[in-house]
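Asks: Numbering (my numbering) for the sequence shown: 53 to 188. Note that the Cβ used here is the ideal one computed from N, Cα and C, for glycine as well. Sending over a structure as structure tokens; questions will come in a sec.
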Amino acid sequence: MKKVFVIYWSGTGNTEIMAKAVAEGVGDGAVLKSVDSASVEDVASCDALALGCPSMGDEVLEEEVMEPFVESIKDVVKGKNVALFGSYGWGNGQWMRDWQERMEGYGANVDEPVIAMGAPNDYLEGQLRDLGAGLA
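Here is the structure:
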């Protein structure tokens with residue numbers, strides 16, 4: 053069984069809902085963690101990784117915790133399968149395209165991200181479970 057960390061930051065709860073759906077899709081190998089309790093060692097030790105963060109400000113990652121965490125894992129994601137997900141309230145999803153490009157630049161194998169405008173609906177929760185299952 054693969055160990056898959058699902059690490060997320062959520063301000064309103066929407067991305068947390070998304071993270072739980074990804075973890076459900078992974079199944080028994082899922083380790084669900086808020087980014088403030090995750091470590092570089094967690095990422096280095098996992099078989100695959102899912103990262104979730106909403107769009108903040110001018111379509112960027114949350115800057116206090118998630119941004120520094122993503123920067124800290126750049127040397128340990130090469131060759132890993134990584135899934136990205138998050139929610140947004142406005143804009144066109146540019147933050148996710150930028151994040152995907154960044155992770156691919158670190159050498160990660162990035163699946164097609166899943167994004168939700170606001171709270172995820174049942175359809176998106178199904179996509180998130182599928183995203184998790186693809187990592188398991």
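Of all the beta strand (DSSP E) runs that stay within the bounds of the region 119 to 173, which reach a length of 3 or more residues?
Replies: With a minimum length of 3 residues, the continuous beta strand (DSSP E) runs that stay inside the region 119 to 173 are 133 to 140 and 166 to 169.
Asks: Evaluate Thr67 with the Cβ neighbour count: other Cβ atoms within 10 Å of its Cβ, from every protein chain shown; 16 or more gives buried, anything less gives exposed.
Replies: Translated into the one-based positions of the sequence shown, residue 67 becomes position 15. Classification of Thr67: buried, given that the 10 Å Cβ count is 16 or more.
Asks: So what's Ser86 in DSSP terms, helix, strand or just coil?
Replies: The residue labelled residue 86 in the question sits at position 34 within the sequence shown. In this structure, Ser86 counts as strand in the three-state DSSP scheme.
Asks: State buried or exposed for Lys130, treating a residue as buried only when at least 16 other CB atoms are found within 10 Å of its CB.
Replies: What you label residue 130 is simply residue 78 of the sequence shown in a count that begins at 1. Exposed: under 16 other Cβ atoms inside 10 Å.
Asks: Quick check on the DSSP output: the alpha helix (DSSP H) that includes Val74 runs from which residue to which?
Replies: Reading the sequence shown from its first residue, position 22 is the one you call residue 74. Looking at the DSSP string, the run of the alpha helix (DSSP H) that includes Val74 is Asn66 to Val78.
Asks: Could you pull the DSSP bridge partners for Met108 from this structure?
Replies: Here residue 108 corresponds to residue number 56 of the sequence shown, with the count starting at 1. Per DSSP, Val112.
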